[in-house]
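Structure first, commentary second.
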Amino acid sequence: MSAQTILVGDPSCLKLKTVLEGYRCKHFLLVCGSSFNSLAIARHFGDLGIPYSVFSSFGPNPRYEDVCKGVDFFCKEGCDCIVAVGGGSSIDVAKCIKLFSSMESGSLYLRQEYKENKVPLIALPTTAGTGSESTRYAVIYYKGEKQSVTHDSLVPSYAILEPSVLDGLPPYQKKCTMLDALCQAIESWWSVNSTPVSREYSQQAVALFLEHYNQYLLNTPQANEGMLLASNWAGRAINITQTTAPHAMSYKLTSVFKIPHGHAVAICLPLVWGYMVNNLDKCVDKRGQEYLNAIFEDISRMLCNGTPHEAISWFQSLLEKLDIQCPQSKDSKVLEMLVDSVNLERLKNSPVLLDSVGLAHIYGKIIIQEKYET
Numbered sequence: 002m003s004a005q006t007i008l009v010g011d012p013s014c015l016k017l018k019t020v021l022e023g024y025r026c027k028h029f030l031l032v033c034g035s036s037f038n039s040l041a042i043a044r045h046f047g048d049l050g051i052p053y054s055v056f057s058s059f060g061p062n063p064r065y066e067d068v069c070k071g072v073d074f075f076c077k078e079g080c081d082c083i084v085a086v087g088g089g090s091s092i093d094v095a096k097c098i099k100l101f102s103s104m105e106s107g108s109l110y111l112r113q114e115y116k117e118n119k120v121p122l123i124a125l126p127t128t129a130g131t132g133s134e135s136t137r138y139a140v141i142y143y144k145g146e147k148q149s150v151t152h153d154s155l156v157p158s159y160a161i162l163e164p165s166v167l168d169g170l171p172p173y174q175k176k177c178t179m180l181d182a183l184c185q186a187i188e189s190w191w192s193v194n195s196t197p198v199s200r201e202y203s204q205q206a207v208a209l210f211l212e213h214y215n216q217y218l219l220n221t222p223q224a225n226e227g228m229l230l231a232s233n234w235a236g237r238a239i240n241i242t243q244t245t246a247p248h249a250m251s252y253k254l255t256s257v258f259k260i261p262h263g264h265a266v267a268i269c270l271p272l273v274w275g276y277m278v279n280n281l282d283k284c285v286d287k288r289g290q291e292y293l294n295a296i297f298e299d300i301s302r303m304l305c306n307g308t309p310h311e312a313i314s315w316f317q318s319l320l321e322k323l324d325i326q327c328p329q330s331k332d333s334k335v336l337e338m339l340v341d342s343v344n345l346e347r348l349k350n351s352p353v354l355l356d357s358v359g360l361a362h363i364y365g366k367i368i369i370q371e372k373y374e375t
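Okay, so the sequence shown: first residue is 2 according to our numbering, each after it adds one.
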């Protein structure tokens, strides 16, 4: 896989034009959401001087069938490049169209061997949270079940970070997406798969988040750029390590309580962290308990210059300040359903063993509202 190029600032799409010309693109596929035309950059696409076709027939949780339509459309229109403009869903759809476009159309793409292809993919994210523009992962749904598509060729060759695209985002969406970026950075930092490089990326992401999150919510251009960079660094970190327990636990919370992904992850993280701090004897990271405790202390110093318990309290206070609340349910069947929903295989990236008893303990504190006890 060739290295990705990050371009910052492109309000008139001149950098995008240069990239497309460098690929000698004759006709590109624009994969975007329904809000694309409301973006300030949209009017500049007509000035690129390169024909393009638009594919936007998908929703927030894109289905396999939607992607198949996109593949057919890409081939029918004779496109030779793909430009993704949007949030995580748009970028994930574009990634899958790229990957599937060179595969056998007569059988299920998800069951075929994934191979590198030469279709250029350029991503321009319109939210600051997922970091999907710099990862090898895509998420789609097949027969209602979440499917993680992973291949090195899914990393876009170029990521263009343009701050103006964040101008019109609603405040709640900004809060949820920026929290997703923060959680990804922290989870990557403590992951059993972390490396010196991934931890450096996590530190960059957290530092940028702390520097810019207040002004980001006030929609200042400098903070918008800073949060896009924070999200990108976090994406690069999880591209190496993958995410851990808070992400694994978040998916069912999102579907059951209809809350955004970033909201769900953020309410899980402090309780998972507290559980891990209190159960260091269950450490499964081969580098050992002392190493993991040192990592928790490093994260805590960066967040609030305090201890892990103080950092957890800091995170909880941040959620309260942002009015990110836990959903409530006293139905024992809901708790059981949440616990059963977590794929234990997906917890293997977490540094502390978390079994069904631990999951029930954490989910119970989330939905039964025992304040934010760790």
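For each residue, glycine too, the CB sits at the ideal point set by N, CA and C.
Per DSSP, reduced to three states, the secondary structure at LYS366 is helical. Boundaries of the alpha helix (DSSP H) harbouring GLY263: 262-279, taken from the DSSP string.
Here the alpha carbon of ARG288 sits roughly 19 Å from the alpha carbon of ALA238. Taking 8 Å as the cut-off, the beta carbon of CYS80 is found no closer than this to the beta carbon of LEU49. Per DSSP, CYS33 is one residue of the beta strand (DSSP E) stretching across 29-33. Per the Cβ contact rule, the region 205-212 is not in contact with the region 314-331 (fewer than 3 Cβ pairs under 8 Å).
Only residues of its own chain outside the window of five on either side were considered, and among them SER189, ALA238, ILE241 and THR242 have a CB closer than 6 Å to the CB of SER199, listed in chain order. Contact check for PRO247 and VAL273: beta-carbon distance about 5 Å, within the 8 Å limit, so the pair qualifies. When ALA43, ARG112, LYS119 and SER91 are compared, the shortest CA-CA separation from SER103 is found for LYS119. ALA238: not part of any beta strand (DSSP E); member of the alpha helix (DSSP H) spanning 222-242, first to last residue. Under the three-state reduction of DSSP, CYS305 is assigned to helix.
Take the alpha-carbon of CYS177 and the one of LEU167: they are about 13 Å apart. When the beta-carbon positions are compared, ASN350 and SER192 come within less than 8 Å of each other. Within a 10 Å sphere around the beta-carbon of HIS28 sit fewer than 16 other beta-carbons, which makes this residue exposed.
The beta carbons of PRO352 and PHE316 sit about 17 Å from each other, so the pair does not count as a contact at 8 Å. Every unbroken stretch of the alpha helix (DSSP H) spanning 4 or more residues and falling wholly within the region 43-113 is given here in chain order: 65-77 and 89-101.
For LEU8, the enclosing beta strand (DSSP E) has its first and last residue at 6-9. Counting only residues of its own chain and dropping the five nearest sequence neighbours on each side, LYS283 has a CB closer than 7 Å to the CB of VAL353 and LEU354. Looking from the CA of LEU162, the closest CA among LEU348, LEU8 and GLU337 belongs to LEU8.
Residue range 159-162 is occupied by the beta strand (DSSP E) that includes TYR159. With fewer than 16 other Cβ atoms inside 10 Å of its own Cβ, GLN329 counts as exposed. For THR245, the closest C-alpha among the options GLY130, SER318, ASN344 and LEU17 is that of ASN344. DSSP places PRO126 in the uninterrupted beta strand (DSSP E) bounded by 122-126. Secondary structure of VAL140 (DSSP, three-state): strand. Excluding the 5 residues flanking it on each side, ASN194 has same chain C-beta neighbours closer than 8 Å at ILE241, THR242, GLN243 and ASN350, in chain order.
Considering only TYR217, ASP73 and SER58, the residue with the shortest C-alpha distance to PRO172 is TYR217. The alpha-carbon separation between PRO222 and SER13 amounts to approximately 15 Å.
Considered as a whole, the region 324-356 harbours 333-342 as its complete alpha helix (DSSP H) runs of no fewer than 4 residues, in chain order.
With fewer than three CB-CB distances shorter than 8 Å, the region 54-64 does not count as touching the region 104-114. For VAL193, there is no enclosing beta strand (DSSP E), as DSSP marks it with neither H nor E. Counting of Cβ neighbours within 10 angstroms places SER318 among the exposed residues, the total staying below 16. For GLY365, the CB contacts under 7 Å within the same chain, skipping 5 residues up- and downstream, are LEU336 in chain order. A direct Cα-to-Cα measurement between SER35 and GLY88 gives close to 11 Å.
Apart from the 5 residues on each side of it in sequence, ALA41 sits with its Cβ closer than 6 Å to the Cβ of SER165 in its chain, given in chain order.
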